[in-house]
Amino acid sequence: MKFDFYRDVLSLMMGKLGLPGADNFGRESNQRRSLLLDTVMQGRPRVSSCKLLQLPAEILADIVDLLSDDRASLESLALVNSDFSKQSSLLPSLWRTNRLSCPNPGLALVFAELLLHLIRTMSHTHRELYESFYGDDAQSVAVEQRQVLSDEAREEYVVARAAAVEAISSLPNLETLSWRDQFSLDKSFFERITRCSAQHIDLNRPAIDDAWSLTPPLTPSTWPLRSLKLDVSMALDKRNEIEKKGATRTHHMTSFFSTLFHLCSPTLESLTWTYIDLARDGGVPVSIGESVVSFPRLRYLRLQFVKLDSVAISSFLAAPLKSLDLDDRVLNNPSTFDYKPLRDLEDFAVSHPPKKASACKRIAKFISQHTGLRRLYLHESSSAQGGTAYLDDVILPTLSSLDFGNLRSLYLAWREVQIPEKSLRRIGRLVSLEQLSLSAGKPSGWQHQWLVDHDELRQHLRQLQGLTKLALVRDTCLVPVPYPGLPSETYYKMRFAGSEEREDAEARPDLDMDQDTESDAQEGEGLLGDMEETWERAHRNRMLDQAEKYAAVFPKLEWMFCGQGPMGFMKTPEGQCEFRRAVPLTQGRDECRTYRRAIFRGSN
Numbered sequence: 001m002k003f004d005f006y007r008d009v010l011s012l013m014m015g016k017l018g019l020p021g022a023d024n025f026g027r028e029s030n031q032r033r034s035l036l037l038d039t040v041m042q043g044r045p046r047v048s049s050c051k052l053l054q055l056p057a058e059i060l061a062d063i064v065d066l067l068s069d070d071r072a073s074l075e076s077l078a079l080v081n082s083d084f085s086k087q088s089s090l091l092p093s094l095w096r097t098n099r100l101s102c103p104n105p106g107l108a109l110v111f112a113e114l115l116l117h118l119i120r121t122m123s124h125t126h127r128e129l130y131e132s133f134y135g136d137d138a139q140s141v142a143v144e145q146r147q148v149l150s151d152e153a154r155e156e157y158v159v160a161r162a163a164a165v166e167a168i169s170s171l172p173n174l175e176t177l178s179w180r181d182q183f184s185l186d187k188s189f190f191e192r193i194t195r196c197s198a199q200h201i202d203l204n205r206p207a208i209d210d211a212w213s214l215t216p217p218l219t220p221s222t223w224p225l226r227s228l229k230l231d232v233s234m235a236l237d238k239r240n241e242i243e244k245k246g247a248t249r250t251h252h253m254t255s256f257f258s259t260l261f262h263l264c265s266p267t268l269e270s271l272t273w274t275y276i277d278l279a280r281d282g283g284v285p286v287s288i289g290e291s292v293v294s295f296p297r298l299r300y301l302r303l304q305f306v307k308l309d310s311v312a313i314s315s316f317l318a319a320p321l322k323s324l325d326l327d328d329r330v331l332n333n334p335s336t337f338d339y340k341p342l343r344d345l346e347d348f349a350v351s352h353p354p355k356k357a358s359a360c361k362r363i364a365k366f367i368s369q370h371t372g373l374r375r376l377y378l379h380e381s382s383s384a385q386g387g388t389a390y391l392d393d394v395i396l397p398t399l400s401s402l403d404f405g406n407l408r409s410l411y412l413a414w415r416e417v418q419i420p421e422k423s424l425r426r427i428g429r430l431v432s433l434e435q436l437s438l439s440a441g442k443p444s445g446w447q448h449q450w451l452v453d454h455d456e457l458r459q460h461l462r463q464l465q466g467l468t469k470l471a472l473v474r475d476t477c478l479v480p481v482p483y484p485g486l487p488s489e490t491y492y493k494m495r496f497a498g499s500e501e502r503e504d505a506e507a508r509p510d511l512d513m514d515q516d517t518e519s520d521a522q523e524g525e526g527l528l529g530d531m532e533e534t535w536e537r538a539h540r541n542r543m544l545d546q547a548e549k550y551a552a553v554f555p556k557l558e559w560m561f562c563g564q565g566p567m568g569f570m571k572t573p574e575g576q577c578e579f580r581r582a583v584p585l586t587q588g589r590d591e592c593r594t595y596r597r598a599i600f601r602g603s604n
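Per the UniProt record's numbering, the very first residue in the sequence shown carries number 1; after that it's consecutive.
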């Protein structure tokens with residue numbers, strides 16, 4: 001059976017890969033759910049002929065739940081007809097309990113996202129197909145039978161998607177559309193969405209059947225978008241067809257990208273553009289056309305894995321940018337910074353730095369031309385990848401030699417396992433900082449290599465009296481006895497609890513009052529589980545001790561991350577000078593990746 005990832009519903013059944021470790025901080029959970037409409041109706045038929053009200057009761061309940069924090073939209077929903085009025089009226093208690101943290105999604109956004117979620121649940125609606133590949137008896141299913149099941153599911157999906165796109169595009173008040181299915185898109189999709197009312201579009205990793213020109217009559221003459229998150233590539237079969245015709249100087253997606261940006265460039269305010277193509281054109285950069293495109297309103301630009309030509313680079317860097325996020329594929333182009341300084345630039349991020357020292361020096365020169373920056377986010381590439389250690393030798397000397405008095409947020413990640421004292425001293429002189437994130441060693445994986453000397457770190461940073469947020473990422477501690485000879489990078493793996501750990505685990509009994517003290521007697525629990533629980537409590541308490549010492553040095557500190565956990569501080573009664581008590585903000589260790597990325601890198 002031939003598998004085409006972009007045209008096979010099996011791709012919709014695959015779970016999303018994620019990084020190890022919890023990432024729940026800042027995300028609401030355990031929210032109370034509204035009753036299903038069918039339950040509310042007590043067996044009576046629905047009276048409305050509205051297409052929206054024909055959705056399954058579970059989907060309607062999700063819509064109401066997501067609107068629980070938006071009273072205006074919920075009241076509007078209740079006015080649709082008596083059916084929705086009945087369901088919406090069941091939510092007064094939700095306004096008094098947990099609130100959703102998402103910013104005012106709006107009825108149209110929720111409807112669109114839930115429609116897409118509905119057609120993505122292919123593993124449930126086509127269980128036989130799913131079991132034929134992933135079930136216990138998958139090997140006994142004939143290839144021909146799998147093909148039949150797959151073809152049936154694909155045909156059903158295409159029909160369902162077309163209906164969903166038509167319904168979504170007809171919503172008069174649609175503001176945001178987020179499309180996350182990777183099943184290949186056809187012309188009709190763009191014919192519809194370019195005519196919908198949404199001003200914020202997120203195309204998250206779909207493929208397209210061909211690099212069409214988005215011009216009339218396929219599309220309108222303009223597409224008044226305000227924000228665009230673009231991660232679109234060409235379906236592999238079409239890509240292979242183009243390759244067979246031989247090499248070309250023009251990138252195979254040029255027609256699509258150039259016409260797309262000409263449609264929306266006059267109104268576009270925010271662009272996140274990712275282009276991941278495993279079958280890349282060797283040295284052919286991505287183009288948006290032969291002539292410069294004007295982006296008069298573009299304020300936020302993030303480019304990821306996109307190797308642009310000089311015309312595209314000059315087009316984007318001529319915009320009145322406030323936030324700029326680049327990686328090595330753009331930074332390796334010598335012409336990237338051959339332009340006038342960006343007058344309004346406040347945020348600058350380099351997530352994947354170039355390997356060449358000359359390119360890294362150009363980054364430092366660019367930073368030196370923008371002393372009004374408020375946020376910096378910089379990484380080093382690992383030495384295994386041939387990266388240049390440019391933070392110590394290039395970036396920090398630049399920050400130290402000029403007046404960066406507006407700098408409020410700094411994120412620095414070293415490739416080496418330690419941060420030199422000289423660099424820490426330089427950071428400690430950036431007294432305008434309000435939030436700081438430091439990291440060293442391998443950026444991912446089980447090995448945590450940065451053995452922090454907290455006393456030394458506090459000493460070097462003590463002048464940062466305005467610090468409100470501090471994150472120490474990928475840090476580790478000494479491995480306790482009886483494994484004193486093991487490297488510290490195994491600290492989080494070798495969770496052994498000796499006498500010192502047992503003593504430290506009991507240091508803050510008030511934090512464990514709600515814990516089940518008889519957990520070791522439960523089924524599946526034993527000595528190992530009890531030891532790991534003791535280690536976790538000891539580790540938590542030790543990190544809280546360190547956090548309190550940081551709070552004593554930094555009087556405005558509100559939030560701290562170290563030891564794989566976020567911590568806050570109990571407010572001291574007015575007029576008292578007692579030290580502030582640190583408290584954990586999660587029940588267990590949590591990487592806080594999403595939250596940390598939002599506050600240090602920024603999000604649009």
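Positions of the beta carbon are idealized from the N, C-alpha and C atoms, including for glycine.
Only a predicted model underlies this, so the values are computations on that prediction, with no experimental measurement involved.
Would you list, in sequence order, the uninterrupted alpha helix (DSSP H) runs of no fewer than 4 residues that lie entirely inside the segment 160-198? 187-193
Cβ pair Thr534, Ala507 closer than 8 Å: Here residue 534 refers to the residue found at position 534 when the sequence shown is read from its first residue. Here residue 507 refers to the residue found at position 507 when the sequence shown is read from its first residue. Cβ atoms of Thr534 and Ala507: not closer than 8 Å.
Would you call the segment 467-479 and the segment 424-443 touching, i.e. three or more CB-CB distances under 8 Å?
-> yes
At what residues does the beta strand (DSSP E) containing Pro420 begin and finish? Position 420 of the sequence shown, counted from the start, is the residue given in the question as residue 420. No beta strand (DSSP E) contains Pro420, which DSSP labels as neither H nor E.
Next item on the list: Reducing DSSP to helix, strand and coil, say where Lys469 ends up.
Entry: The residue labelled residue 469 in the question sits at position 469 within the sequence shown. Strand, per DSSP.
Between Arg425 and Leu461, what straight-line distance do the alpha-carbon atoms span, to the nearest angstrom?
Along the sequence shown, read from residue 1 onward, the residue named residue 425 stands at position 425. Along the sequence shown, read from residue 1 onward, the residue named residue 461 stands at position 461. Going by the C-alpha atoms only, they are around 7 Å apart.
**Prompt:** Roughly how many whole angstroms lie between the Cα atoms of Phe257 and Ala312?
**Reply:** Within the sequence shown, residue 257 is the residue found at index 257, counting from 1. Within the sequence shown, residue 312 is the residue found at index 312, counting from 1. Distance between the alpha carbons of Phe257 and Ala312: 11 Å.
- Output the residue ranges of the alpha helix (DSSP H) runs that lie fully inside the segment 317-361 and measure 4 residues or longer, sorted by chain position. 328-331
Which residue marks the beginning of the alpha helix (DSSP H) containing Met505, and which one marks its end? Taking the first residue of the sequence shown as 1, we reach residue 505 at position 505. The identity of residue 505 in the sequence shown is Ala, whereas the question assumes Met. Run containing Ala505: 499-505, per the alpha helix (DSSP H) assignment.
- Return the CA-CA distance between Arg299 and Asn24, expressed in angstroms with no decimal places. Looking up residue 299 in the sequence shown gives position 299. Looking up residue 24 in the sequence shown gives position 24. If you take the alpha carbons of Arg299 and Asn24, they lie about 30 Å apart.
Work out the CA separation of Ile427 and Val553 for me, nearest whole Å.
-> Within the sequence shown, residue 553 is the residue found at index 553, counting from 1. Within the sequence shown, residue 427 is the residue found at index 427, counting from 1. Cα to Cα, Val553 sits roughly 16 Å from Ile427.
What are the boundary residues of the beta strand (DSSP E) that Leu203 is part of?
The sequence position of residue 203 within the sequence shown is 203, counting from 1. Bounds of the beta strand (DSSP E) holding Leu203 are 200-208.
Next on the checklist: For a minimum of 3 consecutive residues, which ranges assigned as the beta strand (DSSP E) are wholly contained in the segment 215-246?
Outcome noted: 227-234
By Cβ distance, which residues of its chain are closer than 7 Å to Lys187, with the 5 residues on each side in sequence left out?
By 1-based counting over the sequence shown, the position of residue 187 is 187. Only Trp212, Leu218 meet the Cβ criterion.
Could you say which of Val306, Tyr550, Leu268, Phe261 lies nearest to His352 if we only look at CA atoms? Here residue 352 is taken as the residue at index 352 of the sequence shown, counted from 1. That would be Val306, whose Cα lies nearest to the Cα of His352.
#### Entry: Assigned secondary structure, Trp212 (DSSP; H/G/I helix, E/B strand, else coil)
Position 212 of the sequence shown, counted from the start, is the residue given in the question as residue 212. The answer is coil: DSSP assigns Trp212 none of H, G, I, E or B.
Selected residue, minimal CA-CA separation from Pro443, among Ser382, Ala153, Glu191, Ala547
As a first step, residue 443 must be located in the sequence shown, where it is residue number 443. The shortest Cα separation from Pro443 among Ser382, Ala153, Glu191, Ala547 belongs to Ser382.
**Asked** Apart from the five residues just before and just after Ser287, which ones in its own chain have a Cβ nearer than 8 Å to its Cβ?
**Response** By one-based count along the sequence shown, residue 287 stands at place 287. Same-chain partners within the cutoff: Thr250, His251, Thr254, Phe257, Ser258, Leu308, Asp309, Val311, Ala312.
Using the rule of at least 16 other Cβ atoms within 10 Å of the residue's Cβ for burial, across every protein chain shown, is Thr594 buried or exposed?
The count along the sequence shown starts at 1 and reaches residue 594 at position 594. Exposed, by the Cβ-count rule.
Item to complete: Report all residues from its chain with a CB closer than 7 Å to the CB of Arg329; omit the five preceding and five following residues, and keep chain order.
Response: As a working mapping, residue 329 is identified with position 329 in the sequence shown. The answer, listed in chain order, is Phe305, Val306, Lys307.
task: Please list, in chain order, all residues of the same chain as Arg375 whose beta carbon is under 6 Å from its beta carbon, the five residues on each side excluded.
output: Counted from its first residue, the sequence shown places residue 375 at position 375. Asp347, Ser409, listed in sequence order.
Practice problem: Starting from Leu257, trace the alpha helix (DSSP H) both ways and give me its first and last residue. | Solution: As a first step, residue 257 is located in the sequence shown; it is residue number 257 there, counting from the start. Here residue 257 turns out to be Phe, not Leu, going by the sequence shown. Element bounds for Phe257: 254-264.
Exercise for the section: Go ahead and pull the three-state DSSP assignment for Ser519. Expected result: Along the sequence shown, one-based indexing puts residue 519 at 519. Low local confidence applies: a pLDDT of 42 at Ser519 is under 50, so the model's placement there is unreliable, with the coordinate-based value given in what follows. Helix.
Cβ atoms of Gly568 and Asp475: under 8 Å apart, would you say? Here the question's residue 475 lines up with position 475 in the sequence shown. Here the question's residue 568 lines up with position 568 in the sequence shown. Not a contact, by the Cβ cut-off of 8 Å.
TODO: Alpha carbon to alpha carbon, how far is Asp231 from Arg180? Give it in angstroms, no decimals.
DONE: Counted from its first residue, the sequence shown places residue 180 at position 180. Counted from its first residue, the sequence shown places residue 231 at position 231. Cα to Cα, Arg180 sits roughly 10 Å from Asp231.
Quick one: Cα of Gly441 to Cα of Gln546, how far? For the purposes of this step, residue 441 is taken as residue 441 along the sequence shown, with counting starting at 1. For the purposes of this step, residue 546 is taken as residue 546 along the sequence shown, with counting starting at 1. So the two alpha carbons sit approximately 21 Å from each other.
task = Under 7 Å Cβ to Cβ from Glu489, same chain only, skipping five residues before and after it: list those, please.
result = Along the sequence shown, one-based indexing puts residue 489 at 489. Taking C-beta separations shorter than 7 Å and ignoring five residues to either side along the sequence, the partners of Glu489 in its chain run Gln447, His448, Gln449, Thr476, following chain order.
Suppose you measure from the CA of Arg596 to the CA of Ala22; what does that come to, to the nearest Å? Along the sequence shown, one-based indexing puts residue 596 at 596. Along the sequence shown, one-based indexing puts residue 22 at 22. Arg596 and Ala22: Cα-Cα distance of roughly 13 Å.
Item to check | CB contact flag (Pro224, Thr267, <8 Å) | outcome: What you label residue 224 is simply residue 224 of the sequence shown in a count that begins at 1. What you label residue 267 is simply residue 267 of the sequence shown in a count that begins at 1. Yes, these two residues count as a Cβ contact at 8 Å.
When burial is assigned at 16 or more other CB atoms within 10 Å of the CB, is Ile276 buried or exposed? Within the sequence shown, residue 276 is the residue found at index 276, counting from 1. Ile276 should be labelled exposed.
Ser368 versus Thr248 - alpha carbon distance = Reading the sequence shown from its first residue, position 368 is the one you call residue 368. Reading the sequence shown from its first residue, position 248 is the one you call residue 248. For Ser368 and Thr248, the distance between alpha carbons rounds to 39 Å.
Check your understanding: Which word fits Val165, buried or exposed, when buried means at least 16 other C-beta atoms lie within 10 angstroms of its C-beta?
Key -> For this step, residue 165 is matched to residue 165 along the sequence shown. By the 10 Å Cβ count, Val165 comes out buried.
Would you mind giving the Cβ-Cβ distance between Leu345 and Leu321, rounded to the nearest angstrom? I have them listed as a contact below 8 Å. Counting from one through the sequence shown, the residue named residue 345 turns up at place 345. Counting from one through the sequence shown, the residue named residue 321 turns up at place 321. Leu345 to Leu321, Cβ: 6 Å. Contact.
Proximity below 8 Å, CB of Ala235 to CB of Ala198 = Here residue 235 corresponds to residue number 235 of the sequence shown, with the count starting at 1. Here residue 198 corresponds to residue number 198 of the sequence shown, with the count starting at 1. Contact flag unset, no.
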